[in-house]
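These protein sequences, in sequence, are chains A and B. In terms of this note's numbering, the first sequence opens at residue 5 and continues consecutively. In terms of this note's numbering, the second sequence opens at residue 5 and continues consecutively.
Protein chains: 2
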Amino acid sequence: MNITAEQLIAGRGSRDGSRTFSATNPATATPFGPQFRDATAGEIDRALEAARAAFEEAPPSPPEQVALFLDRIAAEVTDLGDQLIDLAVAETGLGRDRLTAERGRTVGQLRMFAETTREGSWVDARIDTADPTRQLIPKPDVRRMLVAIGPVVVFGASNFPIAFSVAGGDTASALAAGNPVVFKAHPAHPNTSELIARAALRAAEAESMSPGIFSLLQGAGHEVGLELVRHPLTEAVAFTGSLRGGRALFDVAASRPRPIPLYAEMGSVNPVFLLPGALASRGETIAKGLVHSATLGVGQFCTNPGVVVGTEGPQLDQFVRVVADLVRQAAPGTMLYAGICQSFGHSIERLRSVPGIKVESHAPAGSAQKTQASPTFLSTDATTFLAHPDAREECFGPSTMLVRCGGAAELEAVARALDGQLTATVHGTPEDLAAHQPLLRILRRKAGRLLFNGFPTGVEVCSAMQHGGPYPATTDAHFTSVGSAAIYRFARPLCFQDFPQHSLPPELQDGNPRKIWRMVDNQRRND
Amino acid sequence: MNITAEQLIAGRGSRDGSRTFSATNPATATPFGPQFRDATAGEIDRALEAARAAFEEAPPSPPEQVALFLDRIAAEVTDLGDQLIDLAVAETGLGRDRLTAERGRTVGQLRMFAETTREGSWVDARIDTADPTRQLIPKPDVRRMLVAIGPVVVFGASNFPIAFSVAGGDTASALAAGNPVVFKAHPAHPNTSELIARAALRAAEAESMSPGIFSLLQGAGHEVGLELVRHPLTEAVAFTGSLRGGRALFDVAASRPRPIPLYAEMGSVNPVFLLPGALASRGETIAKGLVHSATLGVGQFCTNPGVVVGTEGPQLDQFVRVVADLVRQAAPGTMLYAGICQSFGHSIERLRSVPGIKVESHAPAGSAQKTQASPTFLSTDATTFLAHPDAREECFGPSTMLVRCGGAAELEAVARALDGQLTATVHGTPEDLAAHQPLLRILRRKAGRLLFNGFPTGVEVCSAMQHGGPYPATTDAHFTSVGSAAIYRFARPLCFQDFPQHSLPPELQDGNPRKIWRMVDNQRRND
Numbered sequence: 005m006n007i008t009a010e011q012l013i014a015g016r017g018s019r020d021g022s023r024t025f026s027a028t029n030p031a032t033a034t035p036f037g038p039q040f041r042d043a044t045a046g047e048i049d050r051a052l053e054a055a056r057a058a059f060e061e062a063p064p065s066p067p068e069q070v071a072l073f074l075d076r077i078a079a080e081v082t083d084l085g086d087q088l089i090d091l092a093v094a095e096t097g098l099g100r101d102r103l104t105a106e107r108g109r110t111v112g113q114l115r116m117f118a119e120t121t122r123e124g125s126w127v128d129a130r131i132d133t134a135d136p137t138r139q140l141i142p143k144p145d146v147r148r149m150l151v152a153i154g155p156v157v158v159f160g161a162s163n164f165p166i167a168f169s170v171a172g173g174d175t176a177s178a179l180a181a182g183n184p185v186v187f188k189a190h191p192a193h194p195n196t197s198e199l200i201a202r203a204a205l206r207a208a209e210a211e212s213m214s215p216g217i218f219s220l221l222q223g224a225g226h227e228v229g230l231e232l233v234r235h236p237l238t239e240a241v242a243f244t245g246s247l248r249g250g251r252a253l254f255d256v257a258a259s260r261p262r263p264i265p266l267y268a269e270m271g272s273v274n275p276v277f278l279l280p281g282a283l284a285s286r287g288e289t290i291a292k293g294l295v296h297s298a299t300l301g302v303g304q305f306c307t308n309p310g311v312v313v314g315t316e317g318p319q320l321d322q323f324v325r326v327v328a329d330l331v332r333q334a335a336p337g338t339m340l341y342a343g344i345c346q347s348f349g350h351s352i353e354r355l356r357s358v359p360g361i362k363v364e365s366h367a368p369a370g371s372a373q374k375t376q377a378s379p380t381f382l383s384t385d386a387t388t389f390l391a392h393p394d395a396r397e398e399c400f401g402p403s404t405m406l407v408r409c410g411g412a413a414e415l416e417a418v419a420r421a422l423d424g425q426l427t428a429t430v431h432g433t434p435e436d437l438a439a440h441q442p443l444l445r446i447l448r449r450k451a452g453r454l455l456f457n458g459f460p461t462g463v464e465v466c467s468a469m470q471h472g473g474p475y476p477a478t479t480d481a482h483f484t485s486v487g488s489a490a491i492y493r494f495a496r497p498l499c500f501q502d503f504p505q506h507s508l509p510p511e512l513q514d515g516n517p518r519k520i521w522r523m524v525d526n527q528r529r530n531d
Numbered sequence: 005m006n007i008t009a010e011q012l013i014a015g016r017g018s019r020d021g022s023r024t025f026s027a028t029n030p031a032t033a034t035p036f037g038p039q040f041r042d043a044t045a046g047e048i049d050r051a052l053e054a055a056r057a058a059f060e061e062a063p064p065s066p067p068e069q070v071a072l073f074l075d076r077i078a079a080e081v082t083d084l085g086d087q088l089i090d091l092a093v094a095e096t097g098l099g100r101d102r103l104t105a106e107r108g109r110t111v112g113q114l115r116m117f118a119e120t121t122r123e124g125s126w127v128d129a130r131i132d133t134a135d136p137t138r139q140l141i142p143k144p145d146v147r148r149m150l151v152a153i154g155p156v157v158v159f160g161a162s163n164f165p166i167a168f169s170v171a172g173g174d175t176a177s178a179l180a181a182g183n184p185v186v187f188k189a190h191p192a193h194p195n196t197s198e199l200i201a202r203a204a205l206r207a208a209e210a211e212s213m214s215p216g217i218f219s220l221l222q223g224a225g226h227e228v229g230l231e232l233v234r235h236p237l238t239e240a241v242a243f244t245g246s247l248r249g250g251r252a253l254f255d256v257a258a259s260r261p262r263p264i265p266l267y268a269e270m271g272s273v274n275p276v277f278l279l280p281g282a283l284a285s286r287g288e289t290i291a292k293g294l295v296h297s298a299t300l301g302v303g304q305f306c307t308n309p310g311v312v313v314g315t316e317g318p319q320l321d322q323f324v325r326v327v328a329d330l331v332r333q334a335a336p337g338t339m340l341y342a343g344i345c346q347s348f349g350h351s352i353e354r355l356r357s358v359p360g361i362k363v364e365s366h367a368p369a370g371s372a373q374k375t376q377a378s379p380t381f382l383s384t385d386a387t388t389f390l391a392h393p394d395a396r397e398e399c400f401g402p403s404t405m406l407v408r409c410g411g412a413a414e415l416e417a418v419a420r421a422l423d424g425q426l427t428a429t430v431h432g433t434p435e436d437l438a439a440h441q442p443l444l445r446i447l448r449r450k451a452g453r454l455l456f457n458g459f460p461t462g463v464e465v466c467s468a469m470q471h472g473g474p475y476p477a478t479t480d481a482h483f484t485s486v487g488s489a490a491i492y493r494f495a496r497p498l499c500f501q502d503f504p505q506h507s508l509p510p511e512l513q514d515g516n517p518r519k520i521w522r523m524v525d526n527q528r529r530n531d
């Protein structure tokens, strides 16, 4: 399929912009492919106006149509075959196996949201029936369900060019809730983005969705994204990326004349606590698992285990030796793009310049020509970690830092000093767990997801997943960006009081034609 | 019971402040009762530190204990008897019957949240069980439920001295979710606030809650509230009041180093659309209902019907005559305090100064000595309404304004021009509804609650209620401040991956000891 390097606005190409950029293969530092353009203010406006029209000018699409649309996107993305994988490899430096798995995950997410929409109970329908005989004031008939909110702007993430990009979880959940999406592609993979966007547009046409249901905008500078967040027709925004970028967009969203929610997932250090029993019984296994998790995908995961906390002693020393050896033997890896590789280098420099933090080991130096980062293992003590906020900041890339503690009180002090986290992990025996209840209580307050004897990378896509956590992990700890609950970001309750049956949405009619689970007079039922 | 005019911090009185204020009886413009003090920064800090300690330093209170606490507050508030009603009448100018009903509502809300907590399914427990045999990557065991977020700051509302005040719906829902509350009393009813706070503290003691679970702070200036929102230990804020006040607090909450959610319910004009069939068949009944709703409680409701929209013709003219007569015959009423009465006067002046808006009728002028407002009926045409943003702003008090439209297209244009609303109402016949689907679709996007052939005042407290809506009605349309769903503002999902059974909360254990409704491997069940 041809890449035209146009903005794709409501199904039509547009090339108004004058500022251009192209993809670069990070493994060779070579630019390639067509010149893309930053979307202009006029193009942004047309995309959002088309989204508004799709949302407002016709009755909402029935859930079955939305489900077919999502299933069809899944099929079209699958049909892209090798062209998608080839382009994504070239633009991101990620491996074929990883990208093939990522495509599988993306297709699975689309089908999961199709099923969520088709099954329908996600709308949390609640019905309180009338009681005209109630004394003082008759009781009205009150019915409530979740409905779509309107045009959603989604930002592509650099580190998941398929699963958190054009047809990724944010787009799928926003569409599943009934919203149009205006997608801002990440400038590190514009070709992959266009390819998938064209698949989505074919799906929209095949399922007779309004053309404004999806638009793709490209842009290398910050201005396109800022303009999208500022635009008066935008109702919500989803973003996955850095704390600095997410916070800048959040500030714009909150300071609009009409503030809108901005759901930013901004990563974290994902602390791993090693309790004594686990270190004694499985220290070497944990060390191997840690190095695998910290270097997987060249460490480019929001859930990368960036901080490891353990209690001093011979078992921790042995653990450190094993981790140091494994990291020394690791290979440098190509990062997503030059800027992210430079940032990783600066973060490592910032950390090692802190008195009390040292590099325990690192892999062979990478090649700048291949945009390579070298896996790095650092260590420090609790006093240094507690005294230096820098030490607690995310270092995005293949590194992890051990924090040596004097005992349970210092483990707890370290936990207490942490900012909000996507995840926190504990390695322990059942006895360890029983003996460290105060630590567990602190971690419950700090993170969105707690893991026991595992590693935080590899986020399962399911109903119970929570990929989100207290700030600065995300801007809103109420919501998740992975799993079927991600749909709740893009819907709001709408209540109908005393409306005749035939004018209610099917989800709220007495007969429950969609056979969804509802709360009727405070009883859960699906009849 | 004695009113000591102290801050009540974790069960102890404190009187550090130097700036003082007292209550004023608006019906006589007479100050009365003890001198209260603005809480100091030190007192604010102590209240939040006590809340933090209550939240962090012990395992969470079991749901049954929280439920008993809420039930006990309900009993203690009931036991306040006439003293509560007498004080509230004196501080607010509201009638005994109204305040007695408001107490009943408050007690009902507390019991509803006790039942929500006791029943337990509100935590939205989700369990996805493991599959160690899954190919590529074994499937982990993932379990998720809603948990408390920490110290919540609640602001009292002037217009509901009981139901949206110390032990009102915001406090009850925050406590029900397991959070401590620091309550900022509204300066218009400090005595009523202290009386209820003492009832809550007796309940906390009786049910062995941590003393930091509830604190009451007083303050007449803005600084106490701003300081509470800025405080680093505050995790969320609930506010009911003006757009200006709510937005100022929202801006502070969003611009903190660590932003927190601020749930502000800021009122709206609650448009009422009169469709032709309804006007023809029930014009006079609707007119009576409208005047009753617009003057109830001297118009001091967030859901006051401030704008009425109809199609020109003899039936609308007749409707206007009836409304004008009823308003002319209405009595002036004492508003809550002098400032709110002056604001009402200024709003009416602002409206009548717009060319094209006229006063159709008003009740006899009120007495300034009695802080009285005069019910007022204004009218304009769609052109004026569309051209003047002023005309679409809330006028808090006993008034309503008719907007004359030329036909369905103008009805829709008026609807489209509206800001976000708590409610929108349609009076019509089934035929009207069928003929005005585009109007209904616009209103669905504008409001949190749609009413058919009713009036928006009188917000039913139930599971299906949505008291909230798109900005500026509230700062977050995802949530409600009335009804059992109000609890969701104060809880966030927490996910446990691969934890042993005995270390999971009861809500997530295999045996489902609390017998709550859960989603287990995507099936809803309560076994």
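Glycine residues also receive a C-beta, built at the ideal position from the N, C-alpha and C atoms.
Taking 8 Å as the threshold, the shortest C-beta distance from A/Arg286 to chain B does not fall below it. The beta carbon of B/Gly360 lies closer than 6 Å to those of Thr384, Thr388 in the same chain, with the five residues before and after it left out. With contacts defined by Cβ atoms closer than 8 Å, B/Ala92 and B/Leu103 form a contacting pair. The DSSP-derived three-state label of A/Thr137 is coil. Listed in chain order, the beta strand (DSSP E) runs fully inside the region 275-304 of chain B are 276-278, counting runs of at least 3 residues. Spanning the alpha carbons of B/Leu150 and B/Pro497 requires a straight line of approximately 4 Å.
The C-beta distance from B/Ala477 to B/Gln425 rounds to 5 Å, short enough to fall under 8 Å. In this structure, A/Ala468 and B/Val146 form a Cβ contact; the two beta carbons are roughly 4 Å apart against a cut-off of 8 Å. Every unbroken stretch of the beta strand (DSSP E) spanning 3 or more residues and falling wholly within the region 349-377 of chain B is given here in chain order: 362-366. Below the 7 Å Cβ cutoff, chain B contributes Asp132, Val146 as neighbours of A/Cys466, in chain order. Closest in C-alpha terms to A/Ala54, from the list A/Arg23, A/Cys499, A/Met270, A/Ser219, comes A/Ser219.
For A/Gln69, the secondary structure class from DSSP, reduced to helix, strand or coil, is helix. Taking one beta carbon from each stretch, the region 427-435 of chain A and the region 444-451 of chain A have 3 or more pairs nearer than 8 Å; the two touch.
A residue is called buried when at least 16 other Cβ atoms come within 10 angstroms of its Cβ; B/Asn195 meets this threshold and is buried. Between A/Leu12 and A/Ala201, the C-beta spacing is below 8 Å. A residue is called buried when at least 16 other Cβ atoms come within 10 angstroms of its Cβ; B/Gln333 does not meet this threshold and is exposed. Shortest Cα-Cα distance from A/Phe381 to any of A/Gln373, A/Glu353, A/Asn163, A/Gly108 involves A/Glu353.
The secondary-structure analysis by DSSP pairs B/Ile13 across a beta bridge with B/Arg16. By the neighbour-count criterion, in which 16 or more other beta carbons inside 10 Å mark a residue as buried, A/Gly515 falls on the exposed side.
For B/Ile446, the CB contacts under 8 Å within the same chain, skipping 5 residues up- and downstream, are Glu416, Ala419, Arg420 in chain order.
In the DSSP assignment, B/Gly314 is bridged to B/Leu278, B/Arg408.
The criterion of a C-beta distance shorter than 8 Å is satisfied by A/Ala490 and A/Ser177. Secondary structure of A/Ala94 (DSSP, three-state): helix.
The three-state reading of DSSP puts B/Gly452 in strand, counting E and B together.
The beta carbon of B/Asp502 sits closer than 8 Å to some beta carbon of chain A. Below the 8 Å Cβ cutoff, chain A contributes Arg448 as neighbours of B/Val151, in chain order. At a cut-off of 8 Å between C-beta atoms, A/Thr380 does not count as an interface residue with respect to chain B. Check the Cα spacing between B/Arg493 and each of B/Gly173, B/Lys143, B/Leu205: the tightest is with B/Gly173.
At a C-beta separation below 7 Å, A/His482 has these neighbours in chain B: Arg496. Ranked by Cα distance from A/Asn274, the options A/Ala377, A/Cys399, A/Glu68 are led by A/Cys399. Proximity of A/Ala167 to chain B, defined by a Cβ-Cβ separation below 8 Å, is not satisfied.
For A/Ser26, the enclosing beta strand (DSSP E) starts and ends at 24-29. Going by DSSP, B/Thr196 is part of the alpha helix (DSSP H) stretching over 194-210.
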